[in-house]
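Undergrad: A single structure is presented below for examination.
In the numbering used here, the protein residues as written are 84 to 357.
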């Protein structure tokens with residue numbers, strides 16, 4: 084893989100990981116267009132690292148809260164948890180853990196059974212159309228009022244967290260957008276637009292982090308060689324991912340998710356008709 088190929092695929096990974104347009108679907112399309120049909124486990128590790136880094140930078144405050152919540156678990160188990168801050172940190176940790184369960188189950192049980200679909204360009208086309216439809220329905224029906232305040236997960240309840248987790252699990256199918264299905268599940272379950280977008284990103288941290296660790300373990304087992312172009316891909320994924328997070332938050336605040344509906348429908352139709 085040349086540095087240019089790595090940079091282009093890194094940009095595609097970073098943008099589409101967080102915009103509701105399906106990263107897996109666009110990577111399949113990008114590989115086909117670039118003629119890079121086997122990017123290999125090594126590139127996957129570095130791409131995941133780049134997008135994870137973008138999340139950790141944007142949501143560094145929430146990462147600290149999650150770590151504090153984990154540190155408060157012994158006190159909670161012993162019935163000695165005191166203080167509003169500690170309880171709120173533990174609440175956030177619980178919501179993220181609950182949202183992670185469906186994706187974990189899907190990854191362990193469902194992914195091996197549908198692995199043969201991951202290279203199907205036609206399936207990607209149909210699922211891009213489905214992603215656009217889900218976004219349109221969610222924006223039209225999800226009209227929960229926006230909250231005031233600085234807590235970026237305050238509108239999320241355990242039931243809504245689980246619903247968003249199911250949305251994230253559905254995105255194991257290539258062409259379905261993880262951020263799109265997760266955000267839509269939040270909107271349809273009654274979470275405000277900005278809260279839903281923020282929590283969708285926060286709950287992606289363990290999902291993308293877990294994917295990074297799993298692919299890193301595979302890389303260690305295979306002993307695949309490392310190339311300088313991989314760092315280019317990781318940097319491109321991190322920078323474009325950072326931009327994509329802020330772009331989606333801005334679009335969500337403006338109530339213009341329909342723009343991504345138009346985009347996914349256009350790309351999906353092009354894939355199916357070409």
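Where a beta carbon is used, it is the ideal one built from N, C-alpha and C, also for glycine.
1. Would residue 315 and residue 86 be called neighbours here (beta carbons separated by less than 8 Å)?
2. Closest to residue 102 by C-alpha separation, out of 207, 348, 329, would be which residue?
3. Comparing C-alpha positions only, which one of 88, 127, 224 sits nearest to residue 106?
4. Leaving out the 5 sequence neighbours to the left and right, which residues in its chain are closer than 6 Å to residue 137 when beta-carbon positions are compared?
5. State the start and end residues of the unbroken alpha helix (DSSP H) segment that holds residue 214.
6. What is the DSSP secondary structure of residue 288, reduced to helix, strand or coil?
7. Tell me the rounded alpha-carbon separation between residue 93 and residue 104.
8. I need the straight-line Cα distance from residue 301 to residue 295, nearest angstrom please.
9. Could you check what DSSP says for residue 102 in three-state terms: helix, strand or coil?
10. Select from 99, 262, 151, 347 the residue whose C-alpha is nearest the C-alpha of residue 170.
11. Can you give the beta carbon distance from residue 241 to residue 299, rounded, assuming they're within the 8 Å contact cut?
12. Taking the alpha-carbon positions, what's the residue 211 to residue 112 distance?
13. Give the secondary structure of residue 258 by DSSP, where H, G and I count as helix, E and B as strand, and everything else as coil.
14. Quick one, are the C-beta atoms of residue 262 and residue 246 less than 8 Å apart?
15. Within 10 Å of its beta-carbon, does residue 304 have 16 or more other beta-carbons around it, so buried, or fewer, so exposed?
16. Quick check on this structure: which residue in 281, 239, 256, 89 has the alpha carbon closest to the alpha carbon of residue 186?
17. Measure how close the beta-carbons of residue 285 and residue 131 come, nearest whole angstrom, since I'm counting them as under 8 Å.
18. Given that a residue counts as buried once 16 or more other Cβ atoms are within 10 Å of its Cβ, and exposed if not, what is residue 140?
19. Please list the terminal residues of the continuous alpha helix (DSSP H) segment that includes residue 353.
20. Tell me the residue span of the alpha helix (DSSP H) that contains residue 366.
21. From residue 297 to residue 191, what distance separates their C-alpha atoms?
22. Going by DSSP, what residue range makes up the alpha helix (DSSP H) through residue 246?
23. Could you name the residues of the same chain whose beta carbon sits closer than 6 Å to that of residue 189, not counting the 5 residues immediately before and after it, in chain order?
24. Measure the C-alpha to C-alpha separation of residue 275 and residue 149 and round it to an integer number of angstroms.
25. Could you give the DSSP three-state label for residue 293: helix, strand or coil?
TA: Well, looking at it:
1. yes
2. 329
3. 127
4. 321, 324, 325
5. 204–224
6. helix
7. 15 Å
8. 10 Å
9. coil
10. 151
11. The Cβ separation is near 31 Å, so there is no contact.
12. 12 Å
13. coil
14. no
15. exposed
16. 256
17. Going by Cβ atoms, the distance from residue 285 to residue 131 rounds to 17 Å, so no, they are not a contact pair.
18. exposed
19. 341–356
20. The structure shown does not extend to residue 366, since the chain is modelled only from 84 through 357, so no value can be given for it.
21. 12 Å
22. 241–253
23. 252, 255
24. 22 Å
25. helix
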